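Only one structure is covered here, and it is reproduced in the block below.
In the numbering used here, the protein residues as written are 58 to 269.
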């Protein structure tokens with residue numbers, strides 16, 4: 058990123074200088090000046106995009122090693138509800154959760170696991186825009202030695218043709234998306250020797266499943 062940042066800063070500075078100069082010379086300016094401004098704006102936009110790309114890539118390559126401890130899933134779910142409360146109220150989302158057994162613990166890095174859950178719940182909430190009777194349901198069950206956590210919503214869903222791409226770094230269908238969240242989540246789950254998968258029926262429901 059060090060080689061990109063100077064370009065971003067320099068282009069922004071030149072754009073400001075051009076704008077100030079044209080402002081002093083009068084409204085219209087000339088065609089050459091306008092062409093320069095168009096080119097500079099394009100350079101600035103592209104260099105800024107490259108900077109964001111590098112920053113996003115760094116997030117994927119600089120994950121800390123997990124520090125494992127026993128995490129209480131009931132408290133984890135409660136924390137998520139607090140974090141998402143404003144959106145839950147704003148979009149009138151029905152929030153449900155179930156843990157069986159209720160006092161279940163999971164050996165995990167609490168901060169990293171919480172980051173995964175925030176990513177998944179945030180995606181669910183965003184998918185519920187303009188849906189009737191929206192809901193988000195969190196469940197955790199223990200089957201033998203395996204712990205299964207699921208995040209379910211009745212949002213817009215994920216089309217089958219892109220379902221196998223959603224965990225690819227930088228892949229996104231959102232105008233302002235980075236394509237980092239799900240890729241980062243999968244990497245974290247793999248660090249826990251777990252798996253993450255999606256099952257979606259567009260317009261009906263989407264379920265993200267974590268297995269540990």
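Ideal Cβ positions, reconstructed from N, Cα and C, are used throughout, including at glycine.
Please read all numbers here as calculations on a predicted model, not as lab measurements.
Excluding the 5 residues flanking residue i on each side, which residues of the same chain have their C-beta closer than 6 Å to its C-beta?
i           : result
residue 156 : 130, 131, 197
residue 218 : none
residue 110 : Any answer about residue 110 is weak, because its pLDDT of 48 lies below 50 and its placement is not dependable; what the coordinates show is given next. Around residue 110: no qualifying Cβ.
Considering only C-alpha positions, which residue in the set the options is nearest to residue i?
i           : options            : result
residue 264 : 121, 181, 186      : 181
residue 194 : 209, 120, 251, 217 : 209
residue 53  : 186, 258, 133      : Outside the shown range of the chain, which is 58 to 269, sits residue 53, and nothing can be said about it.
residue 254 : 260, 205, 261      : 205
residue 221 : 269, 267, 256, 183 : 256
residue 262 : 214, 252, 247      : 214
Can you say whether residue i is buried or exposed, counting buried as having 16 or more other CB atoms within 10 angstroms of its CB?
i           : result
residue 249 : buried
residue 143 : exposed
residue 164 : exposed
residue 139 : exposed
residue 243 : buried
residue 160 : exposed
residue 176 : buried
residue 239 : buried
residue 251 : buried
Which residues in the same chain as residue i place their Cβ atom closer than 8 Å to its Cβ, once the five residues preceding and following it in sequence are excluded?
i           : result
residue 191 : 148, 149, 150, 151, 185, 210, 211, 212
Let me check one thing: in DSSP terms, what residues is residue i bridge-paired to?
i           : result
residue 164 : 127
residue 195 : 154, 208
residue 268 : 205, 252
Closer than 8 Å: is that where the CB of residue i sits relative to any heavy atom of the ligand FAD?
i           : result
residue 221 : This structure simply doesn't include the ligand FAD, nor any ligand for that matter.
For residue i, which residues of its own chain have a beta-carbon under 7 Å away from its beta-carbon, when the five flanking residues on both sides are left out?
i           : result
residue 166 : 123, 124, 125
residue 216 : 259
### Query
Can you find at least 3 beta carbon pairs, one from the region 166–174 and one from the region 211–227, that sit closer than 8 Å?
no
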